[in-house]
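Those protein sequence lines, which keep their order, are chains A and B.
Just so you know, the numbering used here puts 441 at position 441 of the first sequence, and the rest follows in order with no gaps.
Just so you know, the numbering used here puts 1366 at position 366 of the second sequence, and the rest follows in order with no gaps.
Don't be surprised by glycine CBs; every beta carbon is placed ideally from N, CA and C.
All of these numbers come straight from a predicted model, not from anything done at the bench.
To start, the structure itself, in structure tokens.
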Amino acid sequence: MVKIGLEIHQRLACGKLFCACPSDLAEPEAKPDLVIRRRLHPVLSEMGEIDEASKAEFGKGRTFAYHAFRSSNCLVEIDEEPPHNINPDALAIALELAQHLDMKTVDELHIMRKMVIDGSNTSGFQRTAIAAFDGRLETSQGPIGIPLLAVEEESAGIVGSEGSESAYRLDRLGIPLVEITTTPDIKSPEHLLEVAEKIGMLMRATGKVARGLGTIRQDVNISTERGARVEIKGAQDLKMLPLLAQNEVKRQDGLIAIMDELRTRFKGKVILNCMPVDVTDALASTKSPLISKGLASGASVFGLVLEKHAGLIGREIQPGRRYGTELSDYAKTAGVKGIIHSDEDMAKYSITGEEAAALRQSLGMKQGDAFVLVVAPAEQAKAALAKALERAKMDFIPAETRRANQDGTTSYMRPLPGKARLYPETDVPPVRITKELLASVSKGEGLEDKKARLLKLLGNAEMADRMLRSRNLALFEGLVKDGADPTLVANTLESTLVSLRREGAEVRDPNAMLPGLFALHAKGAFVKAAIPDILREIAGGKALADAVKDYSIISGKELEKIAKELGFDMKAIMSKYRTRIDPKELESILRKKKQENKE
Amino acid sequence: MYSKQILSLLKKKGIEIGDEVRLDSPKGAFIGLLMPRPEGAEGTFVIKLPNGYNLGIDAKGAELSLVKKSQPAKPHGAEPKDRGEIAIIGCGGTIASKVEYRTGAVYPAISPREMRNAFPDVDRIATIHTRQLFELFSEDMAAPHWAILAKAIAEEVKDGAKGVVVMHGTDTMSYTSAAISFMLQGLPVPVVLTGAQRSSDRPSSDNRLNLLNSVFAAKQDLGEVGVCMHAGPSDDICHLHRGTRVRKMHSSRRDAFKSINSPPIAVLDYRSSVFKPLTQYKKRSAPGSLRLEAKISDNVALIQVHPNIKPKFIASLSSYDGVVLMATGLGHIPTNPFNDKHATQIFPAVSELIESGIPVVLAPQTIYGRLNLKVYTNGRLLLDAGVIGDGMDWTPECAYVKLCWVLGQAKDMKKVKQLMETDLAGEIGIRSPLEVD
């Protein structure tokens, strides 16, 4: 029995949660205005003791370089000023979302500090608060519980790591998010996609959540009966979720099969008594580029014998990922690039048969044993193999936080945190959720209402559904509200702009430009058939006013003249003047002419 | 706090803060720990859920029942009696504040022992022993505390401490550092005050770097009182400021502390054993040369001169034994020499204070720069009236503390003036540095 639950993080479309900075990101290439270097260290628990887990993490002596930007940061994000009060706009949006999910709200919001030990928050914790609980979502497979909606601050984005320093950008830090958790009642990978899509659409239907790349993140919680609970982070594309879930089940099943096989081979409990061994000598004169290059730079080769593991390390457990990849992921946490193992083809590394034999001998290997090699400076190599051994010794499926890979597989990130270590944010007092506040939160249109209204506006189920899912939904609503024709707007947004982009004519800022375009159209400055051509000219760099100049409508006497010149042939006239003529007017001229002819 | 009604209900049911409870409310049932409520709506229960989150649910219509009593916290053992080379004295403040999870309040209550547990690195720099002297926020520290602290430091020195670190709230740290600079003369060991701008209950607190660098500073060949705090926003180096020159110049930044009109004594980096002097400083005095002069008056006023200041207000200061005026510019107060009809002057009221035997000391409200009473008529009038402070580049707080201390030593106006205008602890400079910061 597989249990699947979902955790969705969605950025809200308003300013930062605990300061007055805008939630705008700096340009990806922008140079930071300020770089500061910090260290984090463990704090005393309520018992006056240090949490061992955080002590181990902080004990690594890592420094964090924080890149701050004047446009999107103030002293709050660099932890040089206490947080301000919670942004009431963000709270209102969270409460509105809670209403759409049929949730109950807390009477008082308590802001908590959630320890974050990887440096992704300058303070060393993320601020988070439960706003609502006990909600539900209707799905094709029956209702799904929504036990929690929390409002929290976004973390800083990692720039990179080098040696003992990790660099983070602070423009993202503090943007408000809602975290929405489902109960683990999702029936199948397909159902997972449905639930994720539905929650996403429901949030976007409010028009109050951020759009665009990285503004929504879906974490999947999966547990299998004989396996463990695994949290998969960082799926950028919703469509990836079913594959991630399938692959995770496959991985756990594969690992269980390996575990069973090992128990058979060991005739009971799997016991590994081995230590990393220096095998540099056995490979001292190797032609293997990977190894010789490492040795030349002062690295050593260390090996680890995994008794009775032959054939299992190379066994595939996810597409393109073997049990060895799992061991490798653990080894990588010690900073090495990867491992070499005995189920691989040694020729791949240009390791000769003699070298392999010497290696097996110096490791003291028996028939049926396997080895794992690491090329790195001695201490690091030993640490990496110790991590790999730690994994190999696990006679169970470990509960892990895993990263979603592009191909739908996952990689190990860290052990699943135990009970989250939360403590009160003493700098921000609790917030009373009053009846007045709840009443003032406009429960905007729900998803179903919106669906119905779009269908009525567009008269076409397919287009209504497309618009509902579109990133341009808010723009569509705005333009229609200003009086533009819904079908024309929908076609322009979902079809014209897309095909223009495909031909290389991308309209840069439709949000800023389209209202002006449709306003001119409403005034009769041009016909709708001219819109693609006008947009093409704008994409080419023309200002709106210049772009529409050549498309003024031909009508009245002038149109009659043209009609006459072209022999009142509708087809000929339209093919020449399609973008300048209102077909209705032309039709009436032609009708008049026909009438005259009859008479 | 919870309402009286709730408290009596808890008592009746034998439920205490921290116990595991079940709350059946109109919004559903919750099982979790009953948390304290230091603030906010007193009719709302705060429950810590098993996932660690707290939430507030109104008591109205809800039924509370006990699930399990909490385990009482283990009491701490006594502070170990071993003496180390460096004495760490705790006075409270942010560097030593923590959340009491059972009551939810922030206490200035981390003992130096807990600090040592939290920062095992300390032992790599020096052997230490600790002493909790006060548990106070720094805004509550007053002249009597300065004297008690100076005596405690003198005791530590007498008992063989090779250096003293004082953990102190940051708000008034520069008053305390100035006071003990005057009280402890002929220091044979460094005395280093330190604190934290970000509370110690956060992993990013500046307390660690500040404390470790302070212990490192306390090992140097230095015979002065200093303040050791972050030099910039990064966790890399600290500045050691002279106790009489330092001022808190920002409400929240880590690098809030600046030396005014004088460079810091040194740059510190304990990690690479760097003690880089930026100016001259006193070396350790010979053992046994410490003189404790802890007598001090707490009856001194510090007043900022401002437009519209009333003569009546100045006259009301006659109940004080001394007055420090934070004067404008080079050392000015409203004197109205042109008899403008809208202007009022406080000059006669100031003159009267001085004539009645109350010393009036000037300090620059510009913070940076030196007083000079000879440039404008206004200043000359003050000089003639007998104000103290012409040519001084002291901070208002240091001038204030010095007057408190001088009045503990002398009553005679002439002696007071002479002591005030003599450099006793590096508080007066005769050359103004080229750079401000």
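For residue i, decide whether its Cβ has a neighbour in chain A, counting only Cβ atoms nearer than 7 Å.
i: P1233 (chain B); result: yes
i: Y1053 (chain B); result: yes
i: E1039 (chain B); result: yes
i: R1253 (chain B); result: yes
i: K1027 (chain B); result: yes
i: S1057 (chain B); result: The sequence shown places Ile at residue 1057 (chain B), rather than the Ser named in the question. Yes, because at least one Cβ of chain A sits closer than 7 Å to the Cβ of I1057 (chain B).
i: T1044 (chain B); result: yes
Could you tell me which of the options sits nearest to residue i, measuring between CA atoms?
i: Y601 (chain A); options: A:A257, A:G338, A:F69; result: Here chain A has residues from 1 to 599 only, and residue 601 (chain A) is not among them.
i: K593 (chain A); options: A:I581, A:D582, A:R580, A:L559; result: A:L559
i: R1291 (chain B); options: B:S1234, B:M1183, B:V1021; result: B:M1183
i: L95 (chain A); options: A:G444, A:G408, A:S552, A:T182; result: A:G444
i: I271 (chain A); options: A:I78, A:E190, A:K308, A:I8; result: A:K308
i: S440 (chain A); options: A:L241, A:V277, A:Q99, A:V35; result: A:Q99
i: I1031 (chain B); options: B:K1013, B:Y1053, B:A1218, B:G1408; result: B:Y1053
i: V484 (chain A); options: A:T325, A:S495, A:D509, A:L517; result: It is worth fixing the name first, because residue 484 (chain A) is Ala in this sequence and not Val. When only C-alpha atoms are compared, the closest one is A:L517.
i: S23 (chain A); options: A:E29, A:P143, A:S155; result: A:S155
i: Q1345 (chain B); options: B:E1355, B:I1333, B:S1356; result: B:I1333
i: G335 (chain A); options: A:P377, A:L306, A:V305, A:A357; result: A:P377
i: L493 (chain A); options: A:Q10, A:P532, A:S552, A:C74; result: A:P532
i: A228 (chain A); options: A:A384, A:L101, A:K3, A:R37; result: A:K3
i: F133 (chain A); options: A:A490, A:R127, A:E153, A:V106; result: A:V106
i: V151 (chain A); options: A:N73, A:D171, A:L137, A:V209; result: A:V209
i: L1302 (chain B); options: B:V1192, B:G1322, B:F1045; result: B:G1322
i: C19 (chain A); options: A:P510, A:G338, A:P88, A:K332; result: A:P88
i: E138 (chain A); options: A:V527, A:I180, A:I199, A:P82; result: A:I199
i: S615 (chain A); options: A:V35, A:C21, A:K114; result: Outside the displayed range of chain A (1 to 599) lies residue 615 (chain A), so it cannot be described from this structure.
I'd like to know whether the C-beta of residue i is nearer than 7 Å to at least one C-beta of chain B.
i: E29 (chain A); result: no
i: M112 (chain A); result: yes
i: I36 (chain A); result: yes
i: I8 (chain A); result: no
i: Y122 (chain A); result: The question names Tyr, yet the displayed sequence has Thr at residue 122 (chain A). True, the Cβ-Cβ gap to chain B drops below 7 Å.
i: L40 (chain A); result: yes
i: E462 (chain A); result: no
i: K233 (chain A); result: no
i: V498 (chain A); result: no
i: V106 (chain A); result: yes
i: E622 (chain A); result: Here chain A comprises residues numbered 1 to 599, so residue 622 (chain A) is not present and cannot be evaluated.
i: D118 (chain A); result: no
i: V43 (chain A); result: yes
I think residue i touches residue j, with their Cβ atoms under 8 Å apart; what is that distance to the nearest whole Å?
i: E1085 (chain B); j: K1162 (chain B); result: 4 Å
i: M201 (chain A); j: L447 (chain A); result: 6 Å
i: E7 (chain A); j: N221 (chain A); result: 7 Å
Verify the CB distance criterion: does residue i have a CB-CB separation below 7 Å to chain D?
i: D79 (chain A); result: Here the protein chains are A and B, and chain D is not one of them.
Selection of the stretch 1201-1212 of chain B by Cβ proximity to chain A, strictly under 7 Å | D1201, R1202, P1203, S1204, R1208
The stretch 1184-1200 of chain B: positions lying closer than 9 Å to chain A by Cβ = Q1197, R1198, S1199, S1200
Under 7 Å (Cβ pairs) to chain B, residues found in the stretch 418-433 of chain A = K419, A420, R421, L422, Y423, P424, T426, P429, P430, R432
Between the stretch 1055-1070 of chain B and the stretch 1138-1152 of chain B, are three or more C-beta pairs nearer than 8 Å?
-> no
Examine the Cβ distances between the stretch 1340-1359 of chain B and the stretch 1307-1324 of chain B and report whether three or more of them are shorter than 8 Å.
-> yes
Are the stretch 1421-1433 of chain B and the stretch 1256-1271 of chain B touching by the rule of at least three beta carbon pairs closer than 8 Å?
-> yes
Quick check: the stretch 313-328 of chain A against the stretch 425-441 of chain A, are there 3 or more CB pairs under 8 Å?
-> no
If we count Cβ pairs, one from each stretch, closer than 8 Å, do we get three or more for the stretch 565-578 of chain A versus the stretch 1020-1027 of chain B?
-> no
Is there contact between the stretch 276-285 of chain A and the stretch 343-350 of chain A, where contact requires at least three CB pairs shorter than 8 Å?
-> no
Quick one, which residues of the stretch 1235-1252 of chain B are near chain A if we go by CB-CB under 9 Å, in chain order?
-> D1235, D1236, H1250, S1251, S1252
Would you say the stretch 1356-1365 of chain B touches the stretch 1384-1397 of chain B, given that touching needs at least three Cβ pairs under 8 Å?
-> yes
Anything in the stretch 129-140 of chain A with a Cβ closer than 7 Å to a Cβ of chain B? List those residues in chain order, please.
-> I130, D134
At a cut of 8 Å, does the stretch 1012-1021 of chain B reach the stretch 581-591 of chain A through at least three beta carbon pairs?
-> no
Would you call the stretch 1371-1384 of chain B and the stretch 1269-1285 of chain B touching, i.e. three or more CB-CB distances under 8 Å?
-> no
Assess, as a yes-or-no matter, whether the stretch 177-187 of chain A is touched by the stretch 71-87 of chain A under the definition of 3 or more beta carbon pairs within less than 8 Å.
-> no
Any chance the stretch 1293-1307 of chain B sits against the stretch 1229-1249 of chain B, with 3 or more Cβ pairs inside 8 Å?
-> no
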